[in-house]
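Chemist: This is the structure, below, for whatever I ask next.
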């Protein structure tokens, strides 16, 4: 193929402009990304060679080399991994997934250091080379192709790139950075070695650099032809825990997760028994941008006998623990294991169960011994952990103890055990209410009698809560009961005088209630006198067995149809507005206003807002 000049995809142009003009606060991350890409290329070769050993050609030892030329002002990262064909060079270096670019752009915060760290998360690490280089040349040959089928790709990172066929004896890839005048410090062996030690020490392949020695005649250090390994070149998880420092654990986490922060917790264990494997699992401190994408692969890498098999092996961790990062290295699985086989393997099931229990143990330890840390975890990942109550029957009791809520006693961090310990004598149920926001839940008229009697109510405002309640029926023998469903029955917590007063009010207001039922027959399933209200004139509740108004709204927002179920209107006979109904010439208007206000108070939407406004205005001027 003769030399061709091709244009970058529009999204790449956007990205390159951003990289070359904005992300300068942490320049050294480019080396981490390019070494990580080189390591991935070697892992891919190792995997493909399981079935095609000839791909190793005459180089069975995989490695990454970092070299520089001060005179030419070039820095080169080389690997003898899988390499690129000409078609792959055009496809992989000229385009990126549009959705990935859009997500990348959306996540930018203006904090240059944090923005720079996003590069690796979106699979666009190659372009980070333009942080320090004004031109990048890539020379490569894919394993298995002939020497004359090599490719050279070159670009200044502006609008286009050049590509041509070359003869290249060695398989693999050289990424040659032509450094800007201002980036001389990256032409220093000491500087490069320190960056490798900081970011890439735990790459399981050897990273080689040429040795230096002092030249007396020149009065400077000169490079020798002898190469040496400058990283540990041993997988971190294979080493004894006693030989690994906290800093090394943190550095490895940041390498595999592209996270700038330290993990919240981690666990490193060798498991022996029916299935033998090593696990190194981390809980991040912050939620990733795509946490709510349940289709996203998990964050656990699978190795078999230290051979990398696949990224994001979702079969090794349940979906509700998709935030967990780490490595699992099995001694039992076959090297040619596929995603399909992972779904069916008994060994994988045992690994999945073991890793799930280990993660839950980490969370239990945080909750018991470091409650502030656990609360920080809960703020980031709590809503996702709740999914486990419906998905993981075997661990439902453990998960129920880990769930945290807001309540009328505290804005966050309330466990079900906390709630039960504070229950009033004679209280038989755990009370809760669901709402769109914490403010809406706190101010719901349905809480008034509970607040008056000092009864704690859990305030559930996550979208997943209504779904979770299908699986969380009781805790410690105490049933969960919605304050917005059915008639309020506080049992022994309501004294005889209150009961008699309520019965008398119901009898006295019977004609008004009957008239309200007739007036609101198209809106309300029923109308009744209530004892749950103290300050508000009316509220809406769902009948036992019916869907709550909150859940119906959530389904509608999600584009799903909800079964039509009218709510029950409950009225407070002590309220002036309700008393005004008796003998009012505006009975029908007042009735509709009572209903509509109750609907608004619970977060619902009026079917006819204009009619509501018209009725209110008529009463205001009447």
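In UniProt numbering, the protein residues as written are 1 to 622. Here a beta-carbon is modelled for each residue, glycine too, at the ideal position from N, C-alpha and C.
(1) Quick test of your reading: residue 279 and residue 326, contact by CB under 8 Å. State the CB separation rounded to the nearest angstrom.
(2) Go ahead and pull the three-state DSSP assignment for residue 432.
(3) Helix, strand or coil for residue 286? Go by DSSP, reduced to three states.
(4) Secondary structure at residue 356, three-state DSSP: helix, strand or coil?
(5) Assuming residue 8 and residue 161 form a contact by the criterion Cβ under 8 Å, report the distance between their Cβ atoms to the nearest whole angstrom.
(6) Under the rule that 16 or more other beta-carbon atoms within 10 Å means buried, what is residue 516, buried or exposed?
(7) Between 411, 171 and 424, which has its C-alpha nearest residue 440's C-alpha?
(8) Determine the closest residue to residue 472 out of 389, 404 and 310, with distance taken between C-alpha atoms.
(9) Would you tell me roughly how many angstroms separate the C-alpha atoms of residue 241 and residue 423, rounded to the nearest one?
(10) Would you mind listing the beta strand (DSSP E) stretches within the segment 300-336 that are 3+ residues and don't spill past its ends, in chain order?
(11) Assign residue 579 to one of three DSSP states: helix, strand, or coil.
(12) Buried or exposed, going by whether 16 or more other CB atoms sit within 10 Å of the CB of residue 116?
(13) Hey, how far is the Cα of residue 301 from the Cα of residue 256?
(14) So for residue 609, helix, strand or coil by DSSP?
(15) Can you grab the Cα-Cα spacing for the pair residue 259 / residue 377, in whole Å?
(16) Tell me the DSSP secondary structure of residue 172 in three-state form.
(17) For residue 68, which of 188, 54 and 14 has the nearest alpha-carbon?
(18) Measure the beta-carbon distance from residue 538 to residue 567 and round it to whole angstroms, keeping in mind my assumption that it falls under 8 Å.
(19) Give me the DSSP bridge partner(s) of residue 153.
(20) Counting only the same chain and skipping the five closest in sequence on each side, list residues whose C-beta sits under 8 Å from that of residue 215.
(21) Tell me the DSSP bridge mates of residue 450?
(22) Pick out whichever of 407, 415, 406 and 409 has its Cα sitting closest to the Cα of residue 399.
(23) Mind the definition here: the segment 426-439 touches the segment 380-388 only if three or more C-beta pairs lie below 8 Å; say whether that holds.
(24) Report the partner residues of residue 78 according to the DSSP bridge assignment.
(25) According to DSSP, simplified to helix, strand and coil, what is residue 231?
(26) For residue 365, which of 28, 451, 159 and 402 has the nearest alpha-carbon?
(27) Per DSSP, residue 271 is paired with what?
(28) I'd like to check one pair, residue 173 with residue 204: are the Cβ atoms closer than 7 Å?
(29) CA-CA distance, residue 419 and residue 456?
(30) In the DSSP assignment, find the alpha helix (DSSP H) that holds residue 396 and state where it starts and stops.
(31) Taking residue 420 as part of the alpha helix (DSSP H), name the residues at either end of that continuous run.
(32) Quick one: what's got a C-beta closer than 8 Å to residue 248's C-beta in the same chain, skipping five residues either side?
(33) How long is the line joining the alpha carbons of residue 230 and residue 358, rounded to whole angstroms?
(34) Could you name the residues of the same chain whose beta carbon sits closer than 8 Å to that of residue 544, not counting the 5 residues immediately before and after it, in chain order?
(35) Can you tell me the Cβ-Cβ gap for residue 444 and residue 602, rounded? I've got them flagged as a contact below 8 Å.
(36) Within its chain, find whatever has a CB closer than 6 Å to the CB of residue 28; leave out the 5 residues flanking it on each side and keep chain order.
Modeler: To lay it out plainly:
(1) 7 Å
(2) strand
(3) coil
(4) helix
(5) 7 Å
(6) buried
(7) 411
(8) 389
(9) 45 Å
(10) 307-310 and 325-330
(11) helix
(12) With a pLDDT of only 46 at residue 116, under the threshold of 50, the placement of this residue in the model should not be trusted; the figure read from the coordinates follows. With 16 or more other Cβ atoms within 10 Å, it is buried.
(13) 9 Å
(14) helix
(15) 15 Å
(16) strand
(17) 188
(18) With a Cβ gap of about 11 Å, residue 538 and residue 567 do not count as contacting.
(19) 138 and 163
(20) 221 and 222
(21) Bridge partners of residue 450: none, in fact.
(22) 415
(23) no
(24) 65 and 174
(25) coil
(26) 402
(27) 277
(28) no
(29) 8 Å
(30) 396-402
(31) 416-421
(32) 201, 202 and 236
(33) 34 Å
(34) 485 and 486
(35) 7 Å
(36) 195
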